[in-house]
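Asker:
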Amino acid sequence: MIAFRRVLHAFYKKSKGLSLLTAELRRQQWLPPESIQEIQEQRLTHLLAYAADYCPYYQDLFFQVGLVRDGSVCLERFSDLPLLDKPLIREHFDRLKSTDLASRRWFFKTTGGSTGQPLKVIHDAERARWIEAVRDIHNEWCSIVFGDSKLRLWGSERDLFFGREPALVRLNRYLTNTTWLNAFRMTPERMREYVDIINSGRPRHIKGYAHCLFEFCRYVSDMGLNVHSPTSIISAAGTLTPLMRKEIETVFQTKVFDSYGSREIQAMAFECEAHQGLHVTAPLVYCEILRPDGTTAQPGELGEIVLTPFFNYAMPLVRYRIGDMGIWTGKPCSCGRSWPLLAEVSGRVTECFYRKDGGVVPPEYFIHLVGVVLNDGWIEKFQVIQNSHDLITVKLVCDDTVSNPAGEYANRLSELRDKIKLVMESDCSVDFAFVEEIPESVSGKYFYTQSLITRASA
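Numbering-wise (the working numbering), the sequence shown opens with residue 21 and increments by one.
(1) Could you tell me which of TYR468, PRO52, TYR333 sits nearest to PRO459, measuring between CA atoms?
(2) Any contact of the region 215 to 223 with the region 160 to 167, i.e. 3+ C-beta pairs under 8 Å?
(3) Give me the Cβ distance between ALA2 and TRP174, rounded to the nearest whole Å; I'm assuming they're in contact under 8 Å.
(4) Write down the C-beta distance between ALA289 and SER354 rounded to the nearest angstrom, noting that I regard them as a contact closer than 8 Å.
(5) So what's GLN470 in DSSP terms, helix, strand or just coil?
(6) I'd like the ranges of any alpha helix (DSSP H) spanning at least 4 consecutive residues and lying wholly in the region 136 to 164.
(7) Measure the alpha-carbon distance for TRP398 versus ILE440 and round it to whole angstroms.
(8) Can you tell which of GLN403, MET335, ARG357 has the C-alpha that lies nearest to the C-alpha of LEU67?
(9) Identify whether SER477 lies in helix, strand or coil by the three-state DSSP scheme.
(10) Just the C-alpha distance for CYS372 and TYR74, rounded to the nearest angstrom, thanks.
(11) Does the region 115 to 126 come close enough to the region 269 to 286 to have 3 or more Cβ pairs within less than 8 Å?
(12) When you compare only the Cα positions, how much space is there between ILE387 and ILE405?
(13) Taking just the CA atoms, how far does ASN246 sit from PRO107?
(14) Just to confirm my understanding: we take SER241, look at its own chain, exclude 5 residues before and 5 after, and list those with CB closer than 8 Å. What are they?
(15) Quick one: Cα of SER134 to Cα of PHE402, how far?
(16) Is it the case that the Cβ atoms of LEU495 and ILE342 are separated by a distance below 7 Å?
(17) If I follow the unbroken alpha helix (DSSP H) through GLY221, where does it start and stop?
(18) At the level of alpha carbons, what is the spacing between HIS225 and ASP396?
(19) Roughly how many angstroms lie between the CA atoms of HIS409 and SER255, to the nearest whole one?
(20) In terms of alpha-carbon separation, which member of GLU400, THR413, LYS117, TRP50 lies closest to ASP420?
(21) Please report the distance separating the alpha-carbon of LEU45 from that of PRO329.
(22) Give, in chain order, every unbroken run of the alpha helix (DSSP H) that is at least 4 residues long and sits entirely within the region 242 to 291.
(23) List the DSSP bridge partners of ARG341.
(24) Run through DSSP, which three-state label would PHE452 get?
(25) Measure the C-alpha to C-alpha separation of ARG432 and SER449 and round it to an integer number of angstroms.
(26) Specify the secondary structure class of LYS33 as computed by DSSP and reduced to three states.
(27) Short check: CB of THR413 to CB of ALA453, under 7 Å?
(28) Could you please give me the residues that DSSP links to TYR306 through a beta bridge?
(29) Using CA coordinates, which residue listed in LEU416, ARG375, GLU457 is at the minimum distance from GLY391?
(30) Touch check for the region 77 to 84 and the region 307 to 325: three-plus C-beta pairs under 8 Å?
(31) Taking ILE226 as part of the alpha helix (DSSP H), name the residues at either end of that continuous run.
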């Protein structure tokens, strides 16, 4: 069966041209830094020239700063461009779109709002192909071969709300030899079941939300249980702290491979087998780390991460503020790859919620529920707070066009309340607060989900 799966996968990759892209990235990871810089400059120049021709928003902007004149791109002026953020994308959505969308293959992508601000963008199918290819490269770093048994500790609202996944989803999991464990409802009873499933299935690789892997491992450790040790653990969708890494690696007795991405850009950086930082996927994205005054941060200096993804011609995102802070290592990785290293990514803070029965609900559930499932543009920013086991407060900053959210979106709010109760127990009260702004904490960090109770009291 594994051989059959691999034959199907090889045919799929060849039919979409992915084999050639993967081979190109496989070669590029070993190129010297100056060659990587040349590739980035070529791709950035092409993207900017395209945006100047086909995106009204950039036509005006590039002319103002002198970035593109008479069809020529002056990269020396690139740093003069103002930064792009989520409010600007919402305000200028139609002007950011390419005027030749009719001739391109593209699709919408809605972010869950892990930065507290949901967003809809357009993805180009060409970039999606490169994303698939670079994920194949990271799989190679993690010793993952297609067809290997895999387990994902991941969220599934369809399974939670409707009891099962669609047939096509189940077929995909079968063909990719992947078992899914729903991370959106991790009660003690379910976590005990998950231990049994992992021990009986003995997956070669496990991938999960950073928070969920950590909480699962704390449960295993607290209960004095043993769990199968896979070849690799891949952490995603959240900041992996040193404490979390140590706990996960101790329980599973294997190394964790961290990853960094977002729904609007995806596959931005990955950890290799040397575990010395996150390699930015340099052939696919131009990454800047900036000081508050807009100048370039030095290695070892914390700054704001600003990204320009290549190949997204349908809606170029030039100098996009992702909402995170980062630090360049300034050192080459001992693995020999030339893609630059991030020593740290921080800024967005999320916390798990705890049920009275000891169950854990990951922040991704609330982020996806509020930001995607129940948001069709009326929510600009949000924060979910667990005040106690019996009370959750949802703060909402609504779109300017919404004058009476409690009345206009009563059905949405009722559904949101019900779906929070579904995972937090039916006697939990859910209050809504409609506010003008949600400030950062005194430390400068923004808590998108925040629990005011401790795990010990759960």
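Note that the Cβ used here is the ideal one computed from N, Cα and C, for glycine as well.
Answerer: According to the structure shown:
(1) As a first step, residue 459 must be located in the sequence shown, where it is residue number 439. Of TYR468, PRO52, TYR333, the residue nearest in Cα terms is TYR468.
(2) no
(3) In the structure as shown, the chain starts at 21 and stops at 478, and residue 2 therefore has no counterpart that could be examined.
(4) If you number the sequence shown from 1, residue 289 lands on position 269. If you number the sequence shown from 1, residue 354 lands on position 334. ALA289 to SER354, Cβ: 17 Å. No contact.
(5) For the purposes of this step, residue 470 is taken as residue 450 along the sequence shown, with counting starting at 1. It is a strand residue.
(6) 145 to 161
(7) Indexing the sequence shown from 1 puts residue 398 at position 378. Indexing the sequence shown from 1 puts residue 440 at position 420. Between TRP398 and ILE440, the C-alpha separation is close to 19 Å.
(8) Stepping through the sequence shown from its first residue, residue 67 is reached at position 47. If we check each option's Cα against that of LEU67, MET335 comes out closest.
(9) Taking the sequence shown and counting its residues from 1, one reaches residue 477 at position 457. The predicted position of SER477 is uncertain, since its pLDDT is 48 and thus under 50; a value taken from the coordinates is nonetheless stated next. Here SER477 sits in helix by DSSP.
(10) Here residue 372 refers to the residue found at position 352 when the sequence shown is read from its first residue. Here residue 74 refers to the residue found at position 54 when the sequence shown is read from its first residue. Roughly 43 Å between the two C-alpha positions.
(11) no
(12) By one-based count along the sequence shown, residue 387 stands at place 367. By one-based count along the sequence shown, residue 405 stands at place 385. C-alpha separation (whole angstroms): 12 Å.
(13) As a position in the sequence shown, residue 107 is number 87, starting the count at 1. As a position in the sequence shown, residue 246 is number 226, starting the count at 1. Distance between the alpha carbons of PRO107 and ASN246 is about 48 Å.
(14) On the sequence shown, position 221 is the one that residue 241 refers to. Cβ within range, chain order: GLU267, THR270, VAL271.
(15) Start at 1 with the first residue of the sequence shown, and residue 134 comes out as number 114. Start at 1 with the first residue of the sequence shown, and residue 402 comes out as number 382. In this predicted model, SER134 has a pLDDT of only 48, less than 50, meaning its place in the structure is not dependable; the value taken from the coordinates is given anyway. Using only the alpha carbons, I get a separation of about 10 Å.
(16) The chain is shown from 21 up to 478; residue 495 falls before or after that span and cannot be answered.
(17) Taking the sequence shown and counting its residues from 1, the one referred to as residue 221 is at position 201. Residues 208 to 221.
(18) Start at 1 with the first residue of the sequence shown, and residue 225 comes out as number 205. Start at 1 with the first residue of the sequence shown, and residue 396 comes out as number 376. CA-CA distance, HIS225 to ASP396, rounds to 36 Å.
(19) Taking the first residue of the sequence shown as 1, we reach residue 409 at position 389. Taking the first residue of the sequence shown as 1, we reach residue 255 at position 235. Distance between the alpha carbons of HIS409 and SER255: 28 Å.
(20) Looking up residue 420 in the sequence shown gives position 400. For the residues GLU400, THR413, LYS117, TRP50, the minimum Cα distance to ASP420 belongs to GLU400.
(21) Start at 1 with the first residue of the sequence shown, and residue 45 comes out as number 25. Start at 1 with the first residue of the sequence shown, and residue 329 comes out as number 309. CA-to-CA, the gap between LEU45 and PRO329 works out to about 16 Å.
(22) 262 to 272
(23) Reading the sequence shown from its first residue, position 321 is the one you call residue 341. BP columns for ARG341 point to VAL326.
(24) The residue you call residue 452 lines up with position 432 of the sequence shown. Reduced to three states, the DSSP call for PHE452 is strand.
(25) Your numbering for residue 432 matches position 412 in the sequence shown. Your numbering for residue 449 matches position 429 in the sequence shown. Taking the straight line from one Cα to the other gives about 16 Å.
(26) Counted from its first residue, the sequence shown places residue 33 at position 13. Correct three-state label for LYS33: helix.
(27) Taking the sequence shown and counting its residues from 1, one reaches residue 413 at position 393. Taking the sequence shown and counting its residues from 1, one reaches residue 453 at position 433. Yes, the pair counts as a contact, with Cβ atoms nearer than the cut-off.
(28) Locating residue 306 in the sequence shown gives position 286, where the first residue counts as 1. In DSSP, TYR306 forms a bridge with THR328.
(29) Walking along the sequence shown from the start, residue 391 turns up at place 371. Of the candidates LEU416, ARG375, GLU457, LEU416 places its Cα closest to the Cα of GLY391.
(30) no
(31) Here the question's residue 226 lines up with position 206 in the sequence shown. Boundaries around ILE226 are those of the beta strand (DSSP E), 225 to 229, since no alpha helix (DSSP H) includes it.
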